Amino acid sequence: MKNIKTLFIGIIAVFILVSCSKDFLEYEPEGVLSNENVATAGNAEALVVAAYAGIANDDMIGPLTHMWVFGSVRSDDAYKGGGGRSDVDIVDRYEQYNLTAADDPSDWMGPRTWTNYYKAISRANFALSVINDIPDADYAEKTTRQAELRFLRAHSHFMLKLLFKKIPYITEGLSQEELLQISNKVDNDDLWNTIAEDFLFAYNNLPQAQDQVGRADRNAAAAYLAKLRLYQAYEQNDMHQVTNINMSRLQEVVDFADEVTGSLEPDFGNNFLDGFDNGPESIWAAQFSINDGTTVSRVSFVTGLNSPHGTGLYGCCGFHLASHNMVNAFKTDASGLPLLDTFNDTNIFDTVDANGESPLAAGVTLDPRIDHTVGIPGRPFKYRNTVNEAGDMVYNFSWARDPGVYGYFGNMKEQQAPDCSCYVKEGPFVGTSKNVDFIRYADVLLFKAEALIQMDQVDAGVTIINDIRNRAAVSTQRQLDAGATDVYNVGTYPMGMSKADAWKALMFERRLEFGMEGPRFFDLVRWGIAADVLNAYLDVEKTRKDFLANAKFTAGRDEYYPIPQREIDFTGGLYDQNPNY
Numbered sequence: 001m002k003n004i005k006t007l008f009i010g011i012i013a014v015f016i017l018v019s020c021s022k023d024f025l026e027y028e029p030e031g032v033l034s035n036e037n038v039a040t041a042g043n044a045e046a047l048v049v050a051a052y053a054g055i056a057n058d059d060m061i062g063p064l065t066h067m068w069v070f071g072s073v074r075s076d077d078a079y080k081g082g083g084g085r086s087d088v089d090i091v092d093r094y095e096q097y098n099l100t101a102a103d104d105p106s107d108w109m110g111p112r113t114w115t116n117y118y119k120a121i122s123r124a125n126f127a128l129s130v131i132n133d134i135p136d137a138d139y140a141e142k143t144t145r146q147a148e149l150r151f152l153r154a155h156s157h158f159m160l161k162l163l164f165k166k167i168p169y170i171t172e173g174l175s176q177e178e179l180l181q182i183s184n185k186v187d188n189d190d191l192w193n194t195i196a197e198d199f200l201f202a203y204n205n206l207p208q209a210q211d212q213v214g215r216a217d218r219n220a221a222a223a224y225l226a227k228l229r230l231y232q233a234y235e236q237n238d239m240h241q242v243t244n245i246n247m248s249r250l251q252e253v254v255d256f257a258d259e260v261t262g263s264l265e266p267d268f269g270n271n272f273l274d275g276f277d278n279g280p281e282s283i284w285a286a287q288f289s290i291n292d293g294t295t296v297s298r299v300s301f302v303t304g305l306n307s308p309h310g311t312g313l314y315g316c317c318g319f320h321l322a323s324h325n326m327v328n329a330f331k332t333d334a335s336g337l338p339l340l341d342t343f344n345d346t347n348i349f350d351t352v353d354a355n356g357e358s359p360l361a362a363g364v365t366l367d368p369r370i371d372h373t374v375g376i377p378g379r380p381f382k383y384r385n386t387v388n389e390a391g392d393m394v395y396n397f398s399w400a401r402d403p404g405v406y407g408y409f410g411n412m413k414e415q416q417a418p419d420c421s422c423y424v425k426e427g428p429f430v431g432t433s434k435n436v437d438f439i440r441y442a443d444v445l446l447f448k449a450e451a452l453i454q455m456d457q458v459d460a461g462v463t464i465i466n467d468i469r470n471r472a473a474v475s476t477q478r479q480l481d482a483g484a485t486d487v488y489n490v491g492t493y494p495m496g497m498s499k500a501d502a503w504k505a506l507m508f509e510r511r512l513e514f515g516m517e518g519p520r521f522f523d524l525v526r527w528g529i530a531a532d533v534l535n536a537y538l539d540v541e542k543t544r545k546d547f548l549a550n551a552k553f554t555a556g557r558d559e560y561y562p563i564p565q566r567e568i569d570f571t572g573g574l575y576d577q578n579p580n581y
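Right, here's the structure in full:
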């Protein structure tokens, strides 16, 4: 059976023509189609595929898949990068926590992302409204497709909630008048439960696995429910402070995580290489394709600004660069464990020699995930030291676009080798057919470990952390084959740790495992420590990078983005704004 990622092209144009209307409440698929002339099983199948396309219809300035702006640059993982602070300056303002007014006309990225998610929700709802009218006898896949669409709808609402917290939940079959009566003034816990209802419907009505790769299945629904209940367990007040950790929700995390089948890739780097899409660790991913007969193919441009800039091998523009703090986190002690409390006391790779390389001080050892995550002068990039006739692939200081502002570290996970057949270039911008994982099995394991530690089942949680670390320890061959200096040392944590120490280990492990993939900021907000961690990060990073001199995270505001003022105005003040905007 054909892979669903090959079915996107053409279906969107025929069945769902995307509107650029000013507000999501006005957005609906355009064209001459109606429920009466669309409500057939064949057309319904096409509408479902188009709804899948909707959850990945992002671009460099309205992201839906990779959260490199909202979750990585906004955290202590990365700097904005690019050609100075004025280059895509709204991201600089996000990085500085300097967006203070909901009606700021310079903020186009947040409102655009809001609209893009609600466009994706509109696609799912339109398909549901059509499918609901098809008699069961005429559509054997009816319940399964309804479950897939509710899964997609829940996913988009979940992402909106991570970004904006207070959002309206939009379902199918609503009139314009009914839409205008749906408020975002909903209790935080109730909103989590509403999103969970769609995931639960998917969980109860989807097969454990689907014949077509890329479709949501029961396994993905269980993983997403584990993720949702984990976020819900950290109960927040109106000022975003965590006031309670709900143990019954944490037990649900464990129960749903236990339902998920999967395995870790044998090499950590497989997760970030073309050719390993939909592998055993990929629980659910945005699907992309190439060579489909269209101009630029169904590739992702969400990280299209982020290629190394000065190589001649890529495009542009040098965005999303690892911070010193992120790089320092990969140091290990003599037993191969992270320096949980002192990792940032000194910098590694802090100098550049005449060859444009950064030597590592004698005696320093590293977690090998650093060479899957960060481009470092003098170390092979993307497991290459040469790339056929294309040029030198050892990362060099000259690859940095603006080292005087942002330094010279790069990003690795979202890049491919420049001779990859997965590339499409649109001008200077690189798109790739590599999938973007929303949840991988390592996520599910660490969701469970986090819940277990919080419930005082410390050894069980630490055992899972050690499983993740054991995989990291053996993920070295690609780097060594490419000529990297062997300075790797990864050990495991002992049993019998205190809960406090195990909790530190869990938080640190999530950062090492998912560095620069985007979850970091949302983890800090979930745990209720964003202000403390990020202001401590800034206190040190300001001594390294002048551009952060005035940056400050304000608790009770900066955990979430402002509700776009145009939405509040359009609904006549029906929506509440987030505090302190």
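Yeah, the sequence shown ends on 581 if you go by the working numbering, and it's all consecutive.
Ideal Cβ positions, reconstructed from N, Cα and C, are used throughout, including at glycine.
Source: prediction; values computed, not measured.
Check	Outcome
Check the Cβ-Cβ distances between P105 and every residue of chain B, and say whether any is below 7 Å.	The chain labelled as chain B is not found in the depicted structure, where only one protein chain is given.
Could you check where the beta strand (DSSP E) with T373 kicks off and where it finishes?	From DSSP, T373 is part of no beta strand (DSSP E) but of the alpha helix (DSSP H) over I370 to T373.
Do the CB positions of K448 and F272 come within less than 7 Å of each other?	no
Using DSSP's beta-bridge definition, name the partner residues of W284.	I439
DSSP three-state call for I552: helix, strand or coil?	It should be pointed out that residue 552 corresponds to Lys in this sequence rather than to Ile. K552 falls in the coil class under three-state DSSP.
In this structure, how does DSSP classify T365 when only helix, strand and coil are distinguished?	strand
What does DSSP give as the partner residue(s) for Q235 in the beta ladder?	Here residue 235 is Glu; the residue named in the question, Gln, does not match the sequence. In DSSP, E235 forms a bridge with N244.
Can you look up P380 in the DSSP assignment and give me helix, strand or coil?	strand
Report yes if the C-beta distance between A220 and T65 is below 7 Å; otherwise report no.	no
Under three-state DSSP, which class holds F319?	strand
Candidates Q241, I182 and I283: which alpha carbon is nearest Q208's?	I283
Is the Cβ-Cβ distance between A473 and V490 less than 7 Å?	yes
Look up G110 in the DSSP assignment and say whether it is helix, strand or coil.	helix
Please state whether DSSP places A78 in a helix, a strand or coil.	strand
Taking only three categories from DSSP, how would you classify P338?	strand
Rounding to the nearest angstrom, what Cα-Cα distance links S307 and I131 in this structure?	42 Å
Going by DSSP, what residues sit across from F429 in a beta bridge?	E426
Nearest to Y97 by alpha carbon, out of N535, I563 and V394?	N535
How about Y274 and K434: do their beta carbons lie closer than 7 Å?	Residue identity check: residue 274 is Asp in the sequence provided, not Tyr. Taking 7 Å as the Cβ cut-off, D274 and K434 qualify as a contacting pair.
Who are T386's beta bridge partners in DSSP?	D392
Let me make sure I understand the geometry here. Which of V254, I529 and R218 has the alpha-carbon closest to that of D198?	R218
Could you name the residues of the same chain whose beta carbon sits closer than 6 Å to that of Q479, not counting the 5 residues immediately before and after it, in chain order?	D371
Determine the extent of the alpha helix (DSSP H) in which V91 is found, giving its start and end residues.	D89 to Q96
If you reduce the DSSP assignment to three classes, tell me which class Y537 lands in.	helix
Is DSSP giving F24 helix, strand or coil here?	Low per-residue confidence applies at F24: pLDDT is 37, beneath 50, and the placement is therefore not dependable, though the value from the model is reported in the following sentence. Looking at F24 - three-state DSSP - the assignment turns out to be helix.
DSSP has N188 in a bridge; who is on the other side?	According to DSSP, which records beta bridges pairwise, N188 is partnered with nothing at all.
Is V32 helix, strand or coil by DSSP?	Since pLDDT at V32 reaches only 42, below the 50 mark, its modelled position is unreliable, and the value read off the structure follows with that caveat. It is coil, neither helix nor strand.
At what residues does the alpha helix (DSSP H) containing I468 begin and finish?	V458 to A473
Using a Cβ-Cβ cutoff of less than 6 Å, which residues in the same chain neighbour Y406 once the five nearest sequence positions on both sides are dropped?	Y79, G81 and L321
When you compare each of E177, M507, Q176 and G269 to L339 by their alpha carbons, which one comes out closest?	M507
Locate the alpha helix (DSSP H) running through R153, then write down its first and last residues.	K142 to F164
Answer with buried or exposed for Q241, where buried requires no fewer than 16 other C-beta atoms within 10 angstroms of its C-beta.	exposed
Suppose you measure from the CA of F164 to the CA of A530; what does that come to, to the nearest Å?	15 Å
Nearest-angstrom Cα distance between P135 and S156?	28 Å
Relative to the C-alpha of I195, which residue among V213, M159 and I182 is closest?	M159
Run the CB neighbour count on N328, radius 10 Å, all protein chains shown included, and call it buried at 16 or more, exposed below.	buried
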